[in-house]
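In what follows, a structure is listed as structure tokens, so that the remarks can point back to it.
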Amino acid sequence: MVIVYESKTGFTRRYAEMLAAKTGLKVFHVSEISKVNPDEEVIFLGWMKVGKIQGLNKVREYKVVAVCGSGTARTAEPDVETVLKRNKIKGIPFFYLRGGCLPLKDIKGMDRILLGMFVGILKLRKDKDEKTAESIAIIENGFDGVREENLEPVLEWLKAR
Numbered sequence: 518m519v520i521v522y523e524s525k526t527g528f529t530r531r532y533a534e535m536l537a538a539k540t541g542l543k544v545f546h547v548s549e550i551s552k553v554n555p556d557e558e559v560i561f562l563g564w565m566k567v568g569k570i571q572g573l574n575k576v577r578e579y580k581v582v583a584v585c586g587s588g589t590a591r592t593a594e595p596d597v598e599t600v601l602k603r604n605k606i607k608g609i610p611f612f613y614l615r616g617g618c619l620p621l622k623d624i625k626g627m628d629r630i631l632l633g634m635f636v637g638i639l640k641l642r643k644d645k646d647e648k649t650a651e652s653i654a655i656i657e658n659g660f661d662g663v664r665e666e667n668l669e670p671v672l673e674w675l676k677a678r
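All you need for the working numbering is the position in the sequence shown, starting with 1, plus 517.
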């Protein structure tokens, strides 16, 4: 079994490295997928964007036995069932890992433009709740939710196999 991951800003990479350190499994960035034996079982970790797990399609030909998606929200968004459907991973164990995001000022290119527009829209909402305020603060100031204990459900699943 190996760990394969896709990470844009380093939060998911940190989880992959933590999981490798705790399990002794080899870890590969998805760009190194050719180094993985096609018969090898894969735990895939990818960052999430609008409920879509980035990089997952690059490992579909492999024996993916579990998928971890990381994002900034407290729980998988929009919800676990939608994430499973959007990513076509029903029947495969899915684990959500709260990751993080860089401050808006540190994000580059189109992502910065789109997130800036998104924050603007959120700020204009008349019905702002605690979740909306948290989203604005996370995008503007950045957030690091990577915690070793967030891997516990994955480690428990591995132990039970």
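All residues carry an ideal CB built from backbone N, CA and C; glycine is no exception.
Quantities reported herein were computed from a predicted structural model and do not represent experimental measurements.
Would you kindly check if the distance between the Cβ of residue j and the Cβ of residue i is under 8 Å?
i	j	result
Phe-561	Gly-617	no
Gly-586	Phe-545	no
Gly-541	Met-565	no
Val-600	Tyr-579	no
Val-636	Tyr-532	no
Val-521	Val-597	no
Leu-639	Thr-649	yes
Gly-615	Leu-621	The question names Gly, but residue 615 in the sequence shown is Arg. Against a cut-off of 8 Å, the Cβ pair of Leu-621 and Arg-615 comes out as no contact.
Gly-563	Glu-523	yes
Gly-659	Leu-619	yes
Which residues does DSSP list as the beta-bridge partners of residue i?
i	result
Val-553	None, per the DSSP bridge assignment.
Phe-660	Cys-618
Glu-523	Gly-563
Glu-534	The partner list for Glu-534 (beta bridge, DSSP) is empty, contrary to what the question assumes.
Glu-558	Lys-580
For residue i, which of helix, strand or coil comes out of DSSP?
i	result
Met-518	coil
Lys-543	strand
Val-671	helix
My assumption, with CB atoms under 8 Å, is that residue i sits in contact with residue j. Please give the rounded CB distance.
i	j	result
Glu-549	Val-582	The pair is not a contact, with the Cβ atoms about 19 Å apart (cut-off 8 Å).
Ile-570	Val-547	That pair is no contact at about 11 Å.
Leu-672	Lys-539	6 Å
Glu-632	Ile-656	With the sequence shown as reference, residue 632 is identified as Leu, and Glu is not the correct amino acid for it. The Cβ separation is near 6 Å, so the contact holds.
Problem - Length at least 4, wholly inside the region 605-654: the alpha helix (DSSP H) runs in chain order - result: 626-641
*In chain order, which alpha helix (DSSP H) runs of at least 4 residues are fully inside the region 561-606?*
Taking only runs of at least 4 residues, the alpha helix (DSSP H) segments lying wholly in the region 561-606 are 597-603.
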